[in-house]
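Accompanying notes for the structure given below.
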Amino acid sequence: MNLLENAVVQEQRRIEYMIKKYETELTTLPKGALIAKMIKGNQYYYLQYRSGKKTISKYVGRAGDKVEKLQQQIERRRHIQVMLKALSEEYAITQKMMEVCV
Numbered sequence: 001m002n003l004l005e006n007a008v009v010q011e012q013r014r015i016e017y018m019i020k021k022y023e024t025e026l027t028t029l030p031k032g033a034l035i036a037k038m039i040k041g042n043q044y045y046y047l048q049y050r051s052g053k054k055t056i057s058k059y060v061g062r063a064g065d066k067v068e069k070l071q072q073q074i075e076r077r078r079h080i081q082v083m084l085k086a087l088s089e090e091y092a093i094t095q096k097m098m099e100v101c102v
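Counting with UniProt numbering, you get residues 1 to 102 for the letters of the sequence shown.
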């Protein structure tokens with residue numbers, strides 16, 4: 001195995017590891033979006049997500065630490081989804097490189 005092949009194999013392993021790590025973390029993060037509703041002058045927050053064909057709104061509470069934490073988790077989930085897409089594209093490139101090397 002030459003130097004280039006070795007580097008590509010190491011990169012594939014790194015990508016596979018990162019994909020597994022991100023997919024595991026995704027299972028712990030909430031799906032959906034945080035929706036604010038104004039009811040009688042008070043603002044309430046709901047986590048809105050889809051379950052099959054249904055849209056479900058789950059009450060979170062008023063503005064506070066819980067809402068901020070949930071918003072951060074949702075942003076983290078979106079970031080991970082972007083990273084997974086990029087990693088999949090990188091993995092496809094490494095597979096093409098391996099075909100050329102062989």
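By construction, the Cβ of each residue, glycine as well, lies at the ideal position given by its N, Cα and C atoms.
Use the C-beta contact count for M35: other C-beta atoms within 10 angstroms, 16 or more gives buried, fewer gives exposed.
A small correction: the amino acid at residue 35 is Ile; Met does not occupy that position in the sequence shown. Exposed.
Looking only at its chain, what residues have a beta carbon closer than 8 Å to the beta carbon of I15, apart from the 5 residues adjacent to it on each side?
L87, E90, Y91, T94
Given this structure, state the Cα-to-Cα distance separating R78 from A63, to the nearest angstrom.
21 Å
Ignore the nearest five residues each way along the sequence and tell me which others in M97's own chain have a CB closer than 6 Å to its CB.
The answer, listed in chain order, is V8.
Rounded C-alpha distance that separates T24 from Y17:
11 Å
If you count every other CB in all the chains shown that lies within 10 Å of the CB of Y45, and 16 or more means buried, which is it?
With 16 or more neighbouring CB atoms inside 10 Å of its own CB, Y45 falls in the buried class.
What separation, rounded to the nearest whole angstrom, lies between the Cα atoms of V67 and S57?
Those two C-alpha atoms are separated by around 14 Å.
Residues sharing a beta bridge with G64, DSSP:
None; G64 has no bridge partner.
Do you know how far the Cα of N2 is from the Cα of Q71?
47 Å
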